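In the numbering used here, the protein residues as written are 70 to 274. The C-beta atom is built at its ideal place from N, Cα and C for all residues, glycine as well. Bear in mind the structure is a predicted one, so any value in this text is a computation, not a measurement.
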Amino acid sequence: MKRVLALAAVALGLATVALAQVAMAQTAPPSRIRGTIAAIEGNSLTVTTREGPVAKITLAENYGVSAPRKLALADIKPNSYIGTAAVPAADGTLTALEVVVIPEASRGSGEGHYAWDLAPNSSMTNANVDAVVESSAGRTLTLGYKGGSVKVVVPENVPVVQFGPAERSDLKPGLRVVVIATKGADGTLTSGRVLVEKDGVPPPI
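Here it is, written out as structure tokens:
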């Protein structure tokens, strides 16, 4: 269930806490569907997944849409609360794949360090930025969470974003999306929120 809370924290940005409360009531963790919009008709969303197959998702009547806004690496400051997916280097050093700056209102949501599925052997850390050190490789962040801390190197080319509200009209074929969907007993997928590419910035999670 800790992973479910972390998923909500990173994916929804402004709506983090609300989705976490919904996720806690589920008996199984939601699926993270990444891909591009093949079609959108009313509340029916068809996504060509990054793995190849097509996923058809029924959106809730009150579904919301969020989109990432690009930030600069310099926007990650001491005491920021962030979520970052990372992979270990040969020496064990964690290198960020992306960074999501989480709004202050959602500080503490999904806090911790655990496995993630963005890439093989990737992890997710939701934590406070305790220290920032500049280096030729980028920025090294010391991230503190309840029960531990890790250091993550954030290269200059890694996407840094913050999620905010978007419009349903922003959902268009060809745009990249991430959908947190629940699979029913009959295999149908449902979701209450879509994270969509906007202004050329895709959801990096």
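Per DSSP, reduced to three states, the secondary structure at Ser238 is helical.
Within the same chain, Ala154, Leu166 and Ile274 come within 7 Å of Leu187 by CB-CB distance, once the 5 residues on both sides are set aside. With contacts defined by Cβ atoms closer than 9 Å, Val134 and Val247 do not form a contacting pair.
Fully enclosed beta strand (DSSP E) runs of no fewer than 3 residues occupy 163-170, 181-184 and 192-204 of the region 155-212, in order along the chain. Separation of Asn195 and Lys146 (C-alpha to C-alpha, rounded to the nearest whole angstrom) is 15 Å. Gly269 counts as exposed, since fewer than 16 other C-beta atoms from the protein chains shown sit within 10 angstroms of its C-beta.
Contact between Val227 and Leu210 is ruled out by a C-beta separation of about 11 Å, above the 8 Å threshold. When Ala107, Ala124 and Gly104 are compared, the shortest CA-CA separation from Gly256 is found for Ala124. Between the alpha carbons of Ala136 and Ala206 lies a gap of roughly 28 Å. Around Gly243, the same chain offers Thr105 and Ile106 as residues with beta carbons nearer than 8 Å, after the five sequence neighbours per side are excluded.
Measuring C-alpha to C-alpha distances from Ala158 to each of Ile151, Pro224 and Ile249 identifies Pro224 as the nearest.
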